[in-house]
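A.B. asks: According to the working numbering, the residues represented by the sequence shown are 255 to 976, in order. For glycine and all other residues, C-beta sits at the position ideal for the given N, C-alpha and C.
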Amino acid sequence: MPRFDTTGVGLAASAVLAVLVLAAFWPVLDAGFLNYDDPLYVTRNFHVRQGLTLEGARWALTSFHAANWHPLTWISHMLDWQIHGGNPAGHHLTSLVLHLANTLLLFFLLARLTGSAGKSFAAAALFGVHPLHVQSVAWIAERKDVLSTLFWLLTTWAYVGWVRAPRLSRYATVLALFALGLAAKPMLVTLPLTLLLLDQWPLGRTDALDPDATGSPSRGRLVLEKIPLLGMAAGSAILTVIAQRAGDAVQPMTSYPLLLRVSNAVVSSMSYLVKTLWPRGLAVFYPHPRYGLPVWEVVVSAILLVVLTTLAIRARRSRPYLLFGWLWYLVTLLPVIGLVQVGEQARADRYTYVPLIGIFVICAWGIPDALGAFGARFPRGPGAWIRDRAGRGGVAALTALLLAAFVLDTRGEARLWHDPISLFEHAIAVTRDNEIAHNSLGVAVAAKGRREEAIRHFVEAIRIDPGFAEAYNNIGIVLAEQGKAREAIEYYRKALQVAPGYADALSDLGVALWATGQQDEAIDAYRRALDRAPDHADAHNNLGVALEKKGRLAEAVEHYEASLRYGGDSARTHNNLGRALCDLKRYGEAIPHFEQSLRIDPAVHEVHNNLGIALMGLGRLDEAIGAYERAARLAPNYVEALSNLGTALTQQGRIRDALVRFDDAIRIQPDYGKAHYNRAVALYLAARYAEAWESIDRARRSNLEPPAQFIRMLTAKMPPPG
């Protein structure tokens, strides 16, 4: 096996690779979170947002969340949140560092295997800066790609070490690294097959495709030594199928017939190659041709696959890297090629992250070979060395030009990930009938207040796919935000006609029913949502609100706590729970929830007011006054905070200041009965009984009857006028 010195040339090449990768992918650090899968993986994932904890690690090891089992990926997201919190730049930086590590590791691995620093550099550089890899690096939810590939390459490195010096401890290292890779993403199930390819080239242990080949070890032994790895891969595959079926991610044959799956797989295999050579029209989502592909496209793609495979087999002796690279590409694509259809995409750029290593090896070794074969056609002579040097210079110049073009393309693609609007607008521009892009763009523009535009995108998504329940539901959400609750109900019901167990639609339907006075129906909708999805955080919160308004405070608290437990870590839910606890006089328990709500969103005046109520309930008047004053500064016309501030000042004996606050509240809202009553209390304490009776009269005219005990106390001091 060739040896490669990791000093000198290797370190210089590493530095250049680092510069290229950082230059290509630096724009991802300015990107935010995406509204597509990022909430599922990070921003609305309760376990991730707790950081790395023992409970979180247990959940990661046992959960099929997101229709996958990949505990190491969950743990990496937890660590990111613990370090960076909700700052997306930190999460993107982790993915970028992992991609850079993969690029450098690929370079050193190829150089170690082949002894060729130049060709290994070219292959690793193509891997490092190719635009097809933007999706794996820029999409935070795709952390599993870059993380699992790190362990793929480390496993291969350990395997090479074991081949050089077979020892049980080294083989145990191979198994351990492989297990970690599978725990990051089950994509590694084909890794044992790639090790068999490495045995053929460049390790040269035997030619597994040549029945006349001799050498040691035998072909049977090569397979036998992979049995533990193959067993682990089989176990991971079974676990993945269970997880994806549990998450309803595997599409049935009735929706995607076998012939359609095979046709799409054949076309996708060639489409990836075309986009490798000409990376244009890349999109975050490619719609599946669920109604069939043009026959000519399938036939041409199939012919090309057969021709390329035949050429690679025929050249296995003279140019073994061709068969290695081609089989690497085909074999590693198998889990994601769509024969088992998971999700609704036809293909995805992220699926090429590992497979394209084989194509890059073909390019790095094949282009110099092709140019060398072309030069050999000319007679040797005194100027041959000039032609040789010029040829090497030409290869270097061509490589530099190609890398520069890819760096620029990758930077452009990375900038599209800055925000969901630019990303999904681009996807719509470069694809046809992309219902996912229209729906996601609708969500993004709705968040910017562009509701009519959002509805147009949701309607277009439904035109493309009349069974798209989420788009119906999103129209309902926008209509509800516009105050059109009855119209919203119609769309929620349409979503439920398409998907009867759609928990989001049931929860949103409950909100709209409550807004239209149908309280019992609303509670029933929330309970149906929780029957379908017991961990639905919004449904728990909404049911808590309904029960609180019904006066069932203890039950409301239980549902608010469940909402937080299942990921509803929002300012709204913490405030709701704190308010219910205050109503139960559990002020000490309420305060941390108000404080957490304000940490999430410090500009909500109602929460400052509620915090003041809890503090005043514990007798912490100075702190309560500060909270009320903050609420009044945020909302100068917020009469409840002004009235509560007056009450706290009254309890401190600052009657004059209290009366100013009551008068401010009454000036803003003359019929605010609570302020009139509280003003009467302050006047009573100041022995201004006649004025107190005036405030009592105004409170009654505002439909607030003061407590009978206070009326008796005031009457004892001064009988009511008249």
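Going by beta carbon distance, what residues of the same chain come within less than 7 Å of N957, once the five residues before and after it are set aside?
C.D. replies: G927
A.B. asks: Below 9 Å between beta carbons: does that hold for A377 and L364?
C.D. replies: yes
A.B. asks: Around the Cβ of E689, are there at least 16 other Cβ atoms within 10 angstroms (buried) or fewer (exposed)?
C.D. replies: buried
A.B. asks: What residues in its chain sit with their C-beta under 7 Å from that of A739, if we drop five residues either side in the sequence?
C.D. replies: A766, A769 and T770
A.B. asks: In whole angstroms, what is the alpha-carbon distance linking L677 and V282?
C.D. replies: 12 Å
A.B. asks: Give the range of the alpha helix (DSSP H) segment to which A488 is assigned.
C.D. replies: I481 to A500
A.B. asks: For E714 versus H680, is the C-beta distance shorter than 9 Å?
C.D. replies: no
A.B. asks: Would you decide whether E735 is buried or exposed? Buried here means 16 or more other CB atoms lie within 10 Å of its CB.
C.D. replies: Around the CB of E735, fewer than 16 other CB atoms lie within 10 Å, so the residue is classed as exposed.
A.B. asks: Assign Q736 to one of three DSSP states: helix, strand, or coil.
C.D. replies: coil
A.B. asks: Do three or more CB pairs link the segment 516 to 527 to the segment 496 to 503 at distances below 8 Å?
C.D. replies: no
A.B. asks: Just mark L463 as buried or exposed, buried being the case when its beta carbon has 16 or more other beta carbons within 10 Å.
C.D. replies: Confidence is the limiting factor: at L463 the pLDDT is only 45, short of 50, which leaves the residue's position unreliable, though a coordinate-based value still follows. L463 comes out exposed.
A.B. asks: Give me, in chain order, the residues of the same chain whose beta-carbon lies closer than 6 Å to that of A783; leave out the 5 immediate sequence neighbours on both sides.
C.D. replies: Annotation for A783: A757, L760, S761, H790 and A793 place their beta carbon closer than 6 Å to its own, counting only its chain and skipping 5 residues before and after.
A.B. asks: In the DSSP assignment, what residue or residues form a beta bridge with P541?
C.D. replies: Q599
A.B. asks: Chain B beta carbons: is any one of them nearer than 9 Å to that of P456?
C.D. replies: Checking the listed chains, one finds no chain B in this structure; it contains a single protein chain.
A.B. asks: Using CA atoms only, rank isn't needed, just tell me which of L875, Q906 and T448 is closest to V608.
C.D. replies: T448
A.B. asks: I'd like to check one pair, K373 with A618: are the Cβ atoms closer than 9 Å?
C.D. replies: yes
A.B. asks: Looking at N795: is its Cβ nearer than 9 Å to the Cβ of T827?
C.D. replies: yes
A.B. asks: Whole alpha helix (DSSP H) runs in the segment 299 to 333 with 4 or more residues, listed along the chain?
C.D. replies: 300 to 303 and 308 to 316
A.B. asks: Using the three-state DSSP reduction, which class does L463 fall into: helix, strand or coil?
C.D. replies: No answer about L463 holds up, because its pLDDT of 45 lies below 50 and its placement is not dependable.
A.B. asks: Thinking C-beta only, is E809 closer than 9 Å to L818?
C.D. replies: no
A.B. asks: Nearest-angstrom Cα distance between V263 and T563?
C.D. replies: For V263 and T563, the distance between alpha carbons rounds to 35 Å.
A.B. asks: Within the present structure, is the beta-carbon of H847 separated from the nearest heavy atom of the ligand PLP by less than 8 Å?
C.D. replies: What this structure holds is no ligand at all, so the ligand PLP is not there to describe.
A.B. asks: On the criterion of 16 or more Cβ atoms from any shown chain inside 10 Å, does S423 qualify as buried, or is it exposed?
C.D. replies: exposed
A.B. asks: When burial is assigned at 16 or more other CB atoms within 10 Å of the CB, is M507 buried or exposed?
C.D. replies: The Cβ neighbour count for M507, taken over all protein chains shown within 10 Å, is under 16; the residue is labelled exposed.
A.B. asks: Just the Cα atoms here: how many angstroms apart are T969 and R954?
C.D. replies: 16 Å
A.B. asks: Okay, do the segment 572 to 588 and the segment 425 to 435 touch, 3+ Cβ pairs below 8 Å being the bar?
C.D. replies: no
A.B. asks: Compare the beta carbon distance of A438 and H324 with 9 Å and say whether it is the shorter of the two.
C.D. replies: Between A438 and H324, the CB-CB gap stays under 9 Å.
A.B. asks: From the DSSP output, in three-state form, read off V504 for me.
C.D. replies: strand
A.B. asks: For V391, which option in E667, V914, F405 and T460 has the closest C-alpha, if you only look at C-alpha atoms?
C.D. replies: Ranking the options by Cα distance to V391, first place goes to E667.
A.B. asks: Taking D979 as the reference, give the member of V799, L577 and R853 with the closest Cα.
C.D. replies: Lying before the first or after the last residue shown, residue 979 is absent from the chain, which here runs from 255 to 976.
A.B. asks: List in chain order: all unbroken alpha helix (DSSP H) runs of 4+ residues lying wholly within the segment 675 to 735.
C.D. replies: The segment 675 to 735 contains these whole alpha helix (DSSP H) runs: 689 to 701, 705 to 718 and 723 to 735.
A.B. asks: I'd like the list of long-range same chain contacts for W639, defined as Cβ closer than 7 Å, with 5 residues on each side in sequence excluded.
C.D. replies: Its pLDDT being 48, under 50, W639 is placed unreliably in this model, and the value from its coordinates should be taken loosely. There are no such residues.
A.B. asks: From which residue to which residue does the alpha helix (DSSP H) around I986 run?
C.D. replies: In the structure as shown, the chain starts at 255 and stops at 976, and residue 986 therefore has no counterpart that could be examined.
A.B. asks: Quick check on this structure: which residue in A487, R544 and G821 has the alpha carbon closest to the alpha carbon of G592?
C.D. replies: If we check each option's Cα against that of G592, R544 comes out closest.
A.B. asks: With distances taken between CB atoms, is the gap from L407 to L350 smaller than 9 Å?
C.D. replies: no
A.B. asks: From V977 to F848, what distance separates their C-alpha atoms?
C.D. replies: It is not possible to answer for residue 977, since the shown part of the chain is limited to 255 through 976.
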